[in-house]
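Take a look at the structure below.
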Amino acid sequence: MTVVIQVPQLVEFVLSNPKFFPGLHTTSQPRTSTGLQNLDPQRQLQAIWNAMSDYLREVLESGKGVRIDHIGAFAFEPVVAPYGNPKNFRSSALQLRPCFLPDGGFKATLPRYAGKEETPLRGGSIYQQGINMIYLNKVPIAAGLFLKTQVVADGISALFKAVKDLSSRGYNLDLDFKFCRWQIIDGDLKVSLIWVFSRSSNKFIDQTKFSPSLVREAQKDARQWPTRDASANPLPTLAQALADKTDPSKPPQPISATWKNPNVSKAMTGLIKRPDSPKIDSVRQRTLQLGIMSLDLNSCQPKKVSKCSKKENEKQQETHVEATAEETSTTDDVKTGA
37 MTVVIQVPQL VEFVLSNPKF FPGLHTTSQP RTSTGLQNLD PQRQLQAIWN AMSDYLREVL
97 ESGKGVRIDH IGAFAFEPVV APYGNPKNFR SSALQLRPCF LPDGGFKATL PRYAGKEETP
157 LRGGSIYQQG INMIYLNKVP IAAGLFLKTQ VVADGISALF KAVKDLSSRG YNLDLDFKFC
217 RWQIIDGDLK VSLIWVFSRS SNKFIDQTKF SPSLVREAQK DARQWPTRDA SANPLPTLAQ
277 ALADKTDPSK PPQPISATWK NPNVSKAMTG LIKRPDSPKI DSVRQRTLQL GIMSLDLNSC
337 QPKKVSKCSK KENEKQQETH VEATAEETST TDDVKTGA
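The opening position of the sequence shown corresponds to residue 37 in this note's numbering, with each subsequent residue numbered one higher.
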């Protein structure tokens, strides 16, 4: 029976070998918000993996590709026919699908990987622009998890380093990214991405819910790509057209404007609800005070009275009784004399 390593086992492997995968992820790190409790290292790494998967999906849905250091890139490719040319190469019927391109170092750990990506033989026009690629940004992931950026960077680097290490030693892996699945079986990599981008609806169609024939029907009514007659200004990039963020008749934003506009990740802002830190801190302080009071009450013990003190107390009581008896006798004498 072959052992298949999944994400929980991958996290356990990373944490059990801190010498080979060093970093801040090996210990529990404080959160950037005092209203959240610290996570143990295993849950911390699992949360980093889940948040990274959500962020990758959001970036791909916006029409951009993502480059991950020392592992590969998620990008898009046109669907290629068996004879080598892309299907429906006309701009009015563009059909794209996400793909994963492994890095050269990652390919070296996959001895049975064919390494033949489907690329169109026809080059196309020189005026066409490709998919915008970005690097995997750890800052929004760290902000969504309320962790420091270096913790997330070390965790992601260690996880993918462990994937390469296990793959080079012949282990089988089945890693779930929520939007795709990596299966490394017997030195071969299979990436199952279930989306196909439809220009008719400007959305990604899930092939597990819709049949391929329905996808082809959606391509027949695809919108026209913007032509040079639509505007004398430069055309928007393919990524902007995929995301449907710009009007084809308007020029794209200049590069200088991208630094002025905030780029907030919706997936990360809604990942964890921001806690009410002052209220939670006050509740914690009250709980600590109650704990201290209970310790004080438990530490109170009845005082032990020695034998000497007992005798002294008895003598004091006897003298007190005699004094009270004398006072009563004198008062009686005074009354009788009167």
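We treat Cβ as the ideally placed atom computed from N, Cα and C, and that holds for glycine.
| By DSSP, does Tyr91 sit in helix, in strand, or in coil? | helix
| query | Do you know how far the Cα of Phe136 is from the Cα of Cys216? | reply | 10 Å
| query | Could you give the C-beta distance for Val47 and Gln73, rounded to a whole number, given that I count them as a contact under 8 Å? | reply | Contact doesn't hold; Cβ gap of about 19 Å is too wide.
| query | Is Leu278 helix, strand or coil when you go by DSSP? | reply | Residue confidence is low: Leu278 scores 46 on pLDDT, short of 50, so the model does not pin down where it sits. No coordinate-derived value is stated.
| Alpha carbon to alpha carbon, how far is Tyr171 from Asp139? | 14 Å
| message | DSSP three-state label for Phe56, please. | response | coil
| Are the region 308 to 325 and the region 88 to 98 in contact at 8 Å, needing three or more beta carbon pairs? | no
| Rounded to the nearest angstrom, how far is the Cβ of Gly180 from that of Met304, given a contact under 8 Å? | 3 Å
| message | For the alpha helix (DSSP H) containing Ser203, name the first residue and the last one. | response | Thr185 to Ser204
| request: Can you tell me the Cβ-Cβ gap for Gly101 and Asn168, rounded? I've got them flagged as a contact below 8 Å. | output: 7 Å
| query | If we call anything under 9 Å between Cβ atoms a contact, is Val187 one with Ile84? | reply | yes
| message | What residue range does the alpha helix (DSSP H) around Leu51 cover? | response | Val43 to Leu51
| field | Selected residue, minimal CA-CA separation from Gln321, among Val43, Phe56, Thr70 and Lys55 | value | Thr70
| field | Beta-carbon spacing of Leu96, Leu225 below 9 Å | value | no
| query | Taking the Cβ atom as the reference point for each residue, do Ala22 and His61 lie within a distance shorter than 9 Å? | reply | The structure shown does not extend to residue 22, since the chain is modelled only from 37 through 374, so no value can be given for it.
| query | Between Thr185 and Leu75, what straight-line distance do the alpha-carbon atoms span, to the nearest angstrom? | reply | 16 Å
| message | Beta-carbon within less than 6 Å of Lys174's beta-carbon, same chain only, minus the 5 sequence neighbours each way: which residues are those? | response | Thr185, Val188 and Ala189
| query | Across which residues does DSSP place Asn208 in a beta bridge pair? | reply | Val40
| request: Using only alpha-carbon positions, find the residue among Gln325, Phe110 and Ile308 that is nearest to Gly99. | output: Phe110
| Between which two residues does the beta strand (DSSP E) harbouring Ile308 extend? | Unbroken run through Ile308: none, as it is neither H nor E.
| task | Measure the CB-CB distance between Asp105 and Phe196 and report whether it falls below 9 Å. | result | yes
| query | Which word fits Gly306, buried or exposed, when buried means at least 16 other C-beta atoms lie within 10 angstroms of its C-beta? | reply | exposed
| request: With distances taken Cα to Cα, identify the nearest neighbour of Ser301 among Val39, Ile107, Ala87 and Gln80. | output: Ala87
| message | Beta-carbon within less than 7 Å of Phe213's beta-carbon, same chain only, minus the 5 sequence neighbours each way: which residues are those? | response | Ser89 and Leu92
| task | Evaluate Arg67 with the Cβ neighbour count: other Cβ atoms within 10 Å of its Cβ, from every protein chain shown; 16 or more gives buried, anything less gives exposed. | result | buried
| Asn53 to Pro311 span [Cα, whole Å] | 34 Å
| field | Pair within 9 Å by beta-carbon distance, Leu229 and Arg133 | value | yes
| Under a Cβ-count criterion, where at least 16 other Cβ atoms within 10 Å of its own Cβ denotes burial, should Ser203 be classed as buried or exposed? | buried
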